[in-house]
Amino acid sequence: MPLLPCILPATRRLRGCLLPGCHQDPEPREARGCPAVGHRAQPGNLAGVRHIILVLSGKGGVGKSTISTELALALRHAGKKVGILDVDLCGPSIPRMLRAQGRAVHQCDSGWVPVFVDQEQSISLMSVGFLLESPDEAVVWRGPKKNALIKQFVSDVAWGQLDYLVVDTPPGTSDEHMATVEALRPYSPLGALVVTTPQVVSVGDVRRELTFCRKTGLQVVGVVENMSGFVCPHCAECTNVFSRGGGEELARLAGVPFLGSVPLDPELTRSLEEGRDFIRDFPNSPAFPALSSIAQKVLSQAPARLS
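If you want it as structure tokens, here you go:
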């Protein structure tokens, strides 16, 4: 299978690895648009990842990427080393949320080096957003090409040692989800975190997402209800703009854990728009305890696993 520039002719060129001790050609054959010679997928690239969590939603616009980002930040502040794999190919928003847009993807002998988004190198990110020439570039592909890139993201990104890999998926239950689940299955993912909003329409779509998890044998880590009420920035009173409790009721009926409700919070929105670390910068925000509690529940479900 050719490397990324052959699949993505309109993307940035990959650059040579800048890691110490790596002697990769700074402009490798693959970066010049040529097929890889003798390239093989690196089965060991996920060997150092202890737990893999897929973040799913049956409907767009429920804040799935927000939950993925904040879960990763909360796990990082709990002392874990975290990676984020953004396979939402048509809507890669996480680089913007982490103020990492425009960063370059480098290459070393083990594959593509993910982008570190903090000085401590505790959070790494791989997204198609790093590979597009322009933020306005549209990914207009048919299913097979999308599936091929997802499989390459799984096999060819050199994550190193991680406690958690959070996989942000597109909305729905498409070929891309099947490709992601099948590519990750050999690595025994911990399961799926399913995001919904309180409205009946959203809950119905998420019910189908739970059916998808059951049919594919993917364990459900839990359900998160996002946008559960609006918190006034002046008096901190929470008003139920939408209905409330739909996510919790769905989890109860499906027999899966309910991880918590995250309110609409202007400070959370602000942190995402500015690319700030919400968990670090807004500890007094109404959404902070909800997101911290969700992360703790995820941590409590993860069995001890040797890396």
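Going by the working numbering, the first residue of the sequence shown is number 314, and it counts up by one from there. All residues carry an ideal CB built from backbone N, CA and C; glycine is no exception.
The C-beta separation of Lys372 from Asp518 comes to about 4 Å, placing the pair in contact by the 8 Å criterion.
Taking 8 Å as the cut-off, the beta carbon of Ile397 is found no closer than this to the beta carbon of Ala387.
Glu562 and Val508 have their C-alpha atoms some 13 Å from each other. For Ala413, the closest of Ser440, Ala391, Ala608, Asp594 by C-alpha to C-alpha distance is Ser440. Two segments are said to touch when three or more pairs of C-beta atoms, one from each, lie closer than 8 Å; by this definition the segment 573–588 touches the segment 600–614. Here DSSP, grouped into helix, strand and coil, assigns Cys526 to helix.
In the structure shown, the three-state DSSP call for Pro457 is helix. Glu446 carries a coil assignment under DSSP once its states are collapsed to helix, strand and coil. When rounded, the separation of the alpha-carbon atoms in Tyr500 and Asn358 is 11 Å. Here Ala471 carries a coil assignment [DSSP, helix/strand/coil]. Spanning the alpha carbons of Gly376 and Phe555 requires a straight line of approximately 15 Å. With a 10 Å radius around the Cβ and a threshold of 16 neighbouring Cβ atoms, Gly442 comes out buried. Here DSSP, grouped into helix, strand and coil, assigns Gln512 to coil.
Between Val479 and Ser381, the gap from beta carbon to beta carbon is short of 8 Å.
DSSP links Asn539 through a beta bridge to Val575. In the displayed model, Asp422 falls within coil according to three-state DSSP, outside both helix and strand.
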